[in-house]
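Residue numbering for the sequence shown follows this note's numbering, beginning at 1225 and increasing consecutively.
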Amino acid sequence: MALNFRQSNILEIARQDGRVVVEDLAQRFDVTLQTIRRDLTDLAEAGHLDRVHGGAVARMGVVNIGYDARRRMNEAAKAAIAQACAAMIPDNASMILNLGTTTEAVARALVHHRNITVVTNNMNVANALIANPGCEILLAGGTLRRSDGGLVGALTTQVIEQFKVDFAIIGTSALDRDGDLLDFDLAEVRVSRAILQQARQAFLVTDHSKLGRSAPARIASLSELDAVITDQPLPDSLMTACDGWGTRVVVA
1225 MALNFRQSNI LEIARQDGRV VVEDLAQRFD VTLQTIRRDL TDLAEAGHLD RVHGGAVARM
1285 GVVNIGYDAR RRMNEAAKAA IAQACAAMIP DNASMILNLG TTTEAVARAL VHHRNITVVT
1345 NNMNVANALI ANPGCEILLA GGTLRRSDGG LVGALTTQVI EQFKVDFAII GTSALDRDGD
1405 LLDFDLAEVR VSRAILQQAR QAFLVTDHSK LGRSAPARIA SLSELDAVIT DQPLPDSLMT
1465 ACDGWGTRVV VA
(Lines of atoms letter the chains of each structure in order from A and count residues from 1; the text may use other names and numbers.)
(Lines give C-alpha, C1' and ligand atoms only; values in the text may rest on other atoms or scores of the structure.)
Protein backbone atom coordinates (compact mmCIF):
# COMPACT_ATOMS: atom_id res chain seq x y z
CA MET A 1 0.00 0.00 0.00
CA ALA A 2 1.32 3.44 -0.96
CA LEU A 3 0.69 5.85 1.90
CA ASN A 4 -0.31 9.44 1.36
CA PHE A 5 1.26 12.23 3.41
CA ARG A 6 -1.47 12.20 6.08
CA GLN A 7 -1.42 8.43 6.46
CA SER A 8 2.36 8.42 6.80
CA ASN A 9 2.10 11.00 9.57
CA ILE A 10 -0.67 9.07 11.31
CA LEU A 11 1.48 5.94 11.26
CA GLU A 12 4.46 7.83 12.69
CA ILE A 13 2.30 9.26 15.51
CA ALA A 14 0.96 5.79 16.30
CA ARG A 15 4.46 4.35 16.48
CA GLN A 16 5.66 7.13 18.77
CA ASP A 17 2.62 7.28 21.08
CA GLY A 18 1.40 3.71 20.77
CA ARG A 19 -2.18 4.84 20.05
CA VAL A 20 -4.06 7.40 17.95
CA VAL A 21 -7.56 8.80 18.53
CA VAL A 22 -9.92 9.68 15.68
CA GLU A 23 -11.05 13.03 17.10
CA ASP A 24 -7.49 14.16 17.84
CA LEU A 25 -6.31 13.28 14.35
CA ALA A 26 -9.25 14.99 12.69
CA GLN A 27 -8.44 18.19 14.56
CA ARG A 28 -4.71 17.88 13.91
CA PHE A 29 -5.10 17.44 10.14
CA ASP A 30 -8.25 19.58 9.80
CA VAL A 31 -10.28 16.85 8.11
CA THR A 32 -13.53 15.06 8.92
CA LEU A 33 -13.87 12.15 11.32
CA GLN A 34 -14.97 10.01 8.39
CA THR A 35 -11.73 10.76 6.53
CA ILE A 36 -9.63 9.74 9.53
CA ARG A 37 -11.66 6.57 10.04
CA ARG A 38 -11.06 5.69 6.39
CA ASP A 39 -7.33 6.32 6.80
CA LEU A 40 -7.19 4.09 9.88
CA THR A 41 -9.13 1.36 8.12
CA ASP A 42 -6.72 1.50 5.17
CA LEU A 43 -3.71 1.37 7.50
CA ALA A 44 -5.21 -1.56 9.42
CA GLU A 45 -5.98 -3.49 6.25
CA ALA A 46 -2.39 -2.92 5.11
CA GLY A 47 -1.15 -4.42 8.39
CA HIS A 48 0.29 -1.25 9.90
CA LEU A 49 -2.23 -0.63 12.72
CA ASP A 50 -4.89 -2.44 14.74
CA ARG A 51 -8.26 -0.72 15.01
CA VAL A 52 -9.67 -0.21 18.51
CA HIS A 53 -12.71 1.69 19.74
CA GLY A 54 -12.21 5.37 18.96
CA GLY A 55 -8.93 5.00 17.11
CA ALA A 56 -6.08 2.57 16.48
CA VAL A 57 -2.92 1.19 18.09
CA ALA A 58 0.47 0.35 16.67
CA ARG A 59 0.56 -3.26 15.54
CA MET A 60 2.74 -5.26 17.87
CA GLY A 61 2.71 -8.81 16.49
CA VAL A 62 4.76 -11.23 18.61
CA VAL A 63 7.75 -8.95 19.32
CA ASN A 64 7.71 -5.85 21.48
CA ILE A 65 8.99 -2.55 20.14
CA GLY A 66 12.45 -1.39 21.17
CA TYR A 67 13.22 -0.16 24.66
CA ASP A 68 14.29 3.36 23.63
CA ALA A 69 11.07 3.85 21.67
CA ARG A 70 8.99 2.56 24.60
CA ARG A 71 10.79 4.84 27.02
CA ARG A 72 9.87 7.90 24.94
CA MET A 73 6.21 6.93 24.55
CA ASN A 74 3.70 8.84 26.72
CA GLU A 75 6.36 10.11 29.11
CA ALA A 76 4.05 12.67 30.75
CA ALA A 77 1.34 10.05 31.28
CA LYS A 78 3.83 7.63 32.82
CA ALA A 79 5.11 10.34 35.16
CA ALA A 80 1.55 11.09 36.33
CA ILE A 81 0.83 7.39 36.83
CA ALA A 82 4.06 7.03 38.78
CA GLN A 83 3.21 9.92 41.09
CA ALA A 84 -0.26 8.46 41.75
CA CYS A 85 1.23 5.06 42.48
CA ALA A 86 3.92 6.46 44.78
CA ALA A 87 1.22 8.31 46.73
CA MET A 88 -0.38 4.93 47.47
CA ILE A 89 2.88 3.54 48.93
CA PRO A 90 3.62 4.53 52.53
CA ASP A 91 7.02 4.94 54.10
CA ASN A 92 8.41 1.83 55.82
CA ALA A 93 7.03 -0.45 53.06
CA SER A 94 8.55 -3.28 51.06
CA MET A 95 7.81 -3.87 47.39
CA ILE A 96 8.85 -5.61 44.18
CA LEU A 97 9.05 -3.69 40.89
CA ASN A 98 9.32 -5.57 37.62
CA LEU A 99 10.47 -4.67 34.12
CA GLY A 100 9.00 -1.79 32.15
CA THR A 101 9.34 1.90 31.51
CA THR A 102 6.33 2.73 33.70
CA THR A 103 7.73 0.87 36.71
CA GLU A 104 10.96 2.79 36.11
CA ALA A 105 8.93 6.01 36.37
CA VAL A 106 7.51 4.72 39.67
CA ALA A 107 11.05 4.17 40.94
CA ARG A 108 11.88 7.80 40.17
CA ALA A 109 8.74 8.88 42.03
CA LEU A 110 9.86 6.95 45.12
CA VAL A 111 13.11 8.85 45.64
CA HIS A 112 11.76 10.76 48.67
CA HIS A 113 10.16 7.78 50.44
CA ARG A 114 11.79 6.81 53.70
CA ASN A 115 12.83 3.40 54.97
CA ILE A 116 11.59 1.39 51.99
CA THR A 117 12.85 -1.89 50.61
CA VAL A 118 12.68 -2.51 46.88
CA VAL A 119 13.32 -5.86 45.26
CA THR A 120 13.65 -5.65 41.48
CA ASN A 121 14.78 -7.50 38.39
CA ASN A 122 15.13 -4.17 36.58
CA MET A 123 18.58 -2.58 36.52
CA ASN A 124 17.06 0.78 35.54
CA VAL A 125 14.81 0.72 38.62
CA ALA A 126 17.83 0.02 40.82
CA ASN A 127 19.81 2.84 39.24
CA ALA A 128 16.94 5.30 39.74
CA LEU A 129 16.62 4.41 43.42
CA ILE A 130 20.31 4.91 44.14
CA ALA A 131 19.34 8.57 44.64
CA ASN A 132 17.21 7.60 47.66
CA PRO A 133 19.40 7.01 50.74
CA GLY A 134 16.36 5.66 52.61
CA CYS A 135 15.87 2.80 50.18
CA GLU A 136 17.38 -0.66 50.48
CA ILE A 137 17.75 -2.10 46.98
CA LEU A 138 17.82 -5.84 46.37
CA LEU A 139 18.55 -7.05 42.83
CA ALA A 140 17.15 -10.40 41.75
CA GLY A 141 19.84 -12.36 39.95
CA GLY A 142 19.41 -13.91 36.55
CA THR A 143 20.32 -13.47 32.91
CA LEU A 144 20.84 -9.83 31.94
CA ARG A 145 18.81 -8.74 28.93
CA ARG A 146 21.00 -6.05 27.43
CA SER A 147 18.19 -4.51 25.39
CA ASP A 148 16.43 -3.08 28.46
CA GLY A 149 18.46 -3.87 31.58
CA GLY A 150 16.09 -6.63 32.68
CA LEU A 151 17.07 -9.74 34.65
CA VAL A 152 15.08 -12.83 33.67
CA GLY A 153 15.22 -16.60 33.90
CA ALA A 154 14.80 -19.38 36.43
CA LEU A 155 17.30 -17.85 38.87
CA THR A 156 15.38 -14.56 38.88
CA THR A 157 12.15 -16.38 39.71
CA GLN A 158 13.87 -18.35 42.49
CA VAL A 159 15.19 -15.17 44.08
CA ILE A 160 11.78 -13.46 43.92
CA GLU A 161 10.23 -16.47 45.67
CA GLN A 162 12.42 -15.84 48.73
CA PHE A 163 10.52 -12.64 49.57
CA LYS A 164 7.10 -11.68 50.92
CA VAL A 165 6.49 -7.98 50.39
CA ASP A 166 3.78 -5.43 51.00
CA PHE A 167 3.32 -4.40 47.36
CA ALA A 168 3.92 -5.73 43.87
CA ILE A 169 4.11 -2.98 41.25
CA ILE A 170 4.13 -4.37 37.75
CA GLY A 171 3.79 -3.16 34.18
CA THR A 172 2.46 -4.97 31.15
CA SER A 173 2.92 -4.85 27.38
CA ALA A 174 -0.78 -5.19 26.64
CA LEU A 175 -4.17 -5.17 28.38
CA ASP A 176 -6.98 -6.81 26.45
CA ARG A 177 -10.76 -6.36 26.59
CA ASP A 178 -11.12 -9.30 29.00
CA GLY A 179 -8.86 -7.60 31.51
CA ASP A 180 -5.91 -9.93 30.90
CA LEU A 181 -2.35 -8.63 31.23
CA LEU A 182 -0.24 -9.83 28.30
CA ASP A 183 3.44 -9.85 27.42
CA PHE A 184 5.87 -11.02 24.74
CA ASP A 185 8.56 -12.86 26.71
CA LEU A 186 7.64 -16.09 28.53
CA ALA A 187 10.65 -15.78 30.82
CA GLU A 188 9.50 -12.30 31.84
CA VAL A 189 5.93 -13.56 32.31
CA ARG A 190 7.11 -16.24 34.75
CA VAL A 191 8.93 -13.63 36.81
CA SER A 192 5.88 -11.34 36.85
CA ARG A 193 3.66 -14.19 38.03
CA ALA A 194 6.08 -14.95 40.85
CA ILE A 195 6.10 -11.28 41.85
CA LEU A 196 2.31 -11.25 42.14
CA GLN A 197 2.35 -14.38 44.30
CA GLN A 198 4.85 -12.90 46.74
CA ALA A 199 2.97 -9.65 47.51
CA ARG A 200 0.16 -8.77 49.88
CA GLN A 201 -1.16 -6.16 47.46
CA ALA A 202 -0.63 -5.96 43.70
CA PHE A 203 -0.80 -2.83 41.52
CA LEU A 204 -0.68 -2.58 37.74
CA VAL A 205 0.77 0.64 36.32
CA THR A 206 -0.03 1.15 32.64
CA ASP A 207 -0.81 3.98 30.25
CA HIS A 208 -3.75 3.99 27.84
CA SER A 209 -1.66 2.89 24.85
CA LYS A 210 -1.57 -0.67 26.23
CA LEU A 211 -5.35 -0.99 25.90
CA GLY A 212 -6.42 -3.04 22.92
CA ARG A 213 -2.90 -4.23 22.15
CA SER A 214 -2.14 -7.89 21.69
CA ALA A 215 0.72 -10.04 22.95
CA PRO A 216 0.99 -13.83 23.01
CA ALA A 217 1.66 -14.62 26.69
CA ARG A 218 -0.76 -14.11 29.60
CA ILE A 219 0.51 -12.83 32.96
CA ALA A 220 -2.68 -12.56 35.00
CA SER A 221 -6.14 -11.00 35.13
CA LEU A 222 -7.05 -7.64 36.62
CA SER A 223 -9.34 -9.69 38.87
CA GLU A 224 -6.19 -10.89 40.67
CA LEU A 225 -4.95 -7.35 41.35
CA ASP A 226 -5.88 -4.81 43.98
CA ALA A 227 -5.56 -1.74 41.76
CA VAL A 228 -4.77 -0.55 38.26
CA ILE A 229 -3.29 2.93 37.91
CA THR A 230 -3.60 4.47 34.47
CA ASP A 231 -3.91 7.83 32.75
CA GLN A 232 -7.34 7.45 31.14
CA PRO A 233 -10.54 5.65 32.18
CA LEU A 234 -10.79 2.04 31.09
CA PRO A 235 -13.53 1.04 28.62
CA ASP A 236 -16.94 0.89 30.28
CA SER A 237 -17.14 -2.90 30.12
CA LEU A 238 -13.76 -3.24 31.79
CA MET A 239 -14.62 -0.63 34.43
CA THR A 240 -17.75 -2.64 35.24
CA ALA A 241 -15.73 -5.85 35.44
CA CYS A 242 -13.16 -4.24 37.76
CA ASP A 243 -15.97 -3.03 40.00
CA GLY A 244 -17.27 -6.59 40.24
CA TRP A 245 -13.81 -7.97 40.93
CA GLY A 246 -13.05 -5.38 43.58
CA THR A 247 -10.13 -4.04 41.57
CA ARG A 248 -9.69 -0.33 42.20
CA VAL A 249 -9.16 1.84 39.10
CA VAL A 250 -7.10 4.98 39.70
CA VAL A 251 -6.94 7.52 36.88
CA ALA A 252 -3.91 9.78 37.27
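Backbone N, C-alpha and C define an ideal beta-carbon position, used for all residues, glycine too. In this text, all values refer to a predicted model and were calculated from it rather than measured experimentally.
Backbone CA spacing between residue i and residue j [nearest angstrom]
i: residue 1464; j: residue 1308; result: 22 angstroms
i: residue 1365; j: residue 1393; result: 18 angstroms
i: residue 1237; j: residue 1376; result: 31 angstroms
i: residue 1247; j: residue 1452; result: 26 angstroms
i: residue 1360; j: residue 1354; result: 9 angstroms
i: residue 1378; j: residue 1417; result: 12 angstroms
i: residue 1412; j: residue 1311; result: 27 angstroms
i: residue 1286; j: residue 1231; result: Per-residue confidence for residue 1286 stands at a pLDDT of 44, beneath the threshold of 50, marking its modelled position as unreliable; the derived number appears in the next sentence. If I take the Cα positions, the gap works out to 24 angstroms.
i: residue 1398; j: residue 1435; result: 6 angstroms
i: residue 1274; j: residue 1400; result: 13 angstroms
i: residue 1430; j: residue 1341; result: 22 angstroms
i: residue 1336; j: residue 1351; result: 15 angstroms
i: residue 1332; j: residue 1264; result: 36 angstroms
i: residue 1272; j: residue 1282; result: 7 angstroms
i: residue 1356; j: residue 1320; result: 16 angstroms
Given residue i as reference, the closest of the options once Cα atoms are compared
i: residue 1344; options: 1380, 1315, 1355, 1332; result: 1380
i: residue 1278; options: 1403, 1258, 1272; result: 1258
i: residue 1325; options: 1340, 1347, 1415; result: 1347
i: residue 1253; options: 1234, 1316, 1456; result: 1234
i: residue 1440; options: 1241, 1387, 1405, 1337; result: 1405
i: residue 1475; options: 1304, 1243, 1264, 1232; result: 1304
i: residue 1389; options: 1317, 1328, 1417, 1337; result: 1317
i: residue 1371; options: 1422, 1383, 1356, 1409; result: 1409
i: residue 1368; options: 1387, 1342, 1323, 1399; result: 1323
i: residue 1328; options: 1449, 1450, 1306, 1424; result: 1306
i: residue 1455; options: 1271, 1301, 1276, 1356; result: 1301
i: residue 1391; options: 1276, 1420, 1385; result: 1420
Neighbour-count burial assignment, residue i, 16 or more Cβ in a 10 Å radius
i: residue 1396; result: buried
i: residue 1229; result: exposed
i: residue 1460; result: exposed
i: residue 1299; result: exposed
i: residue 1403; result: buried
i: residue 1226; result: exposed
i: residue 1437; result: buried
i: residue 1243; result: buried
query: What runs of the beta strand (DSSP E), each 3 residues or longer, lie entirely inside the stretch 1363 to 1428?
result: 1367 to 1369, 1374 to 1376, 1389 to 1394, 1404 to 1407
- prompt: Hey, which unbroken runs of the beta strand (DSSP E) at 3 residues or more fall wholly within the stretch 1431 to 1465?
  reply: 1441 to 1445, 1451 to 1454
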